[in-house]
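Note sheet for the following structure.
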Amino acid sequence: ATGTATLSDAEPGADTLTLTDTLLISHHGPQWRLLVIGAGQMTDYLAKMALALGYGVTVCDPRAEYADGFALDGVALTRDMPDDVVTAFKPDGATAIVALTHDPKLDDLALMEALKSAAFYVGAIGSRVNQAKRRARLAEHFDMTAEQLDRLHGPVGLDIGARTPPEIALSILAEMTAVRYRAGGNRAEAGCAV
Numbered sequence: 008a009t010g011t012a013t014l015s016d017a018e019p020g021a022d023t024l025t026l027t028d029t030l031l032i033s034h035h036g037p038q039w040r041l042l043v044i045g046a047g048q049m050t051d052y053l054a055k056m057a058l059a060l061g062y063g064v065t066v067c068d069p070r071a072e073y074a075d076g077f078a079l080d081g082v083a084l085t086r087d088m089p090d091d092v093v094t095a096f097k098p099d100g101a102t103a104i105v106a107l108t109h110d111p112k113l114d115d116l117a118l119m120e121a122l123k124s125a126a127f128y129v130g131a132i133g134s135r136v137n138q139a140k141r142r143a144r145l146a147e148h149f150d151m152t153a154e155q156l157d158r159l160h161g162p163v164g165l166d167i168g169a170r171t172p173p174e175i176a177l178s179i180l181a182e183m184t185a186v187r188y189r190a191g192g193n194r195a196e197a198g199c200a201v
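Under the working numbering, the letters of the sequence shown match residues 8 to 201, in that order.
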């Protein structure tokens, strides 16, 4: 071993620590981030689970009836309009954005900005019927391309038969985790737990 140290840019999705026979790679920052649009009950579960997985969590909801009752240690809350928050957030390859309001006036504008960004994951709650309507609105009114709309995960989350808010939050984080690690290569082939 030479004891030589070098600094270089990491790829999005890079493991925090990699060790081989001759090399130790320690990845420092940026932190994985989650921006949630909507401060309802499901957001509480999603934010708690995301914090446990090491995400920095920000919740955005301009509606006083939701934002006033939302308080969770370690989670930033903003009451600004979601599209402005997405733009100011400057989503990168370590950012996930999930829309949970069920309100097209809030979700659609946020999704429009999110789908134009480098965020590794963009998802929205809603049935398949509502997702089809959302995609049609985004294409018709906001000139979103098919390629941009293909990035939208909706209905959000893996299909695990989730029914309750905690189960839906779990399915969302499971899908985010799958997408996150797929972006960084096949972890199963690298000997990682799956």
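Beta carbons are placed, not taken as given, at the ideal position from N, Cα and C, and that holds for glycine.
How many Å lie between G192 and I179 at the Cα? Interpretation of G192 is limited by its pLDDT of 45, a score under 50 that renders its predicted location unreliable; the figure taken from the coordinates is listed afterwards. Using only the alpha carbons, I get a separation of about 20 Å.
Can you find at least 3 beta carbon pairs, one from the region 153-173 and one from the region 113-125, that sit closer than 8 Å? Contact between the region 153-173 and the region 113-125 is present: three or more C-beta pairs spanning the two stretches fall below 8 Å.
Give me the residue from R70, A78, L165, G47 with the minimum Cα distance to Y128. That would be L165, whose Cα lies nearest to the Cα of Y128.
With H, G and I counted as helix, E and B as strand and the rest as coil, what does DSSP make of A78? It is coil, neither helix nor strand.
Segment limits, beta strand (DSSP E) that includes Y6: An answer regarding residue 6 cannot be provided, because it is not within the stretch 8 to 201 covered by the chain.
Are V92 and T102 close, meaning C-beta to C-beta below 9 Å? For the 9 Å CB-CB criterion, V92 and T102 do not form a contact.
Measuring straight from C-alpha to C-alpha, what distance separates L177 and T9? Distance from the CA atom of L177 to the CA atom of T9, rounded to whole angstroms, is 44 Å.
In whole angstroms, what separates the C-alpha of L58 from that of Q38? Approximately 11 Å between the Cα atoms of the pair.
Could you tell me which residues DSSP puts in a beta bridge with V105? In the DSSP output, where bridge partners are listed per residue, V105 has V43, G130.
List the residues that DSSP assigns as beta-bridge partners of I32. According to DSSP, I32 bridges with T25.
Could you tell me which residues DSSP puts in a beta bridge with A83? DSSP, once it has assigned bridges, lists T65 as partnering A83.
Buried or exposed: R135, going by 16 or more other Cβ atoms within 10 Å of its Cβ? Burial call: exposed.
Quick one, are the C-beta atoms of I44 and A106 less than 9 Å apart? Closer than 9 Å, so yes.
Cross-strand partners of H160 (DSSP beta bridge): Note: H160 sits in a beta bridge opposite G130.
Would you kindly report the start and end of the unbroken alpha helix (DSSP H) that includes K55? Bounds of the alpha helix (DSSP H) holding K55 are 48-59.
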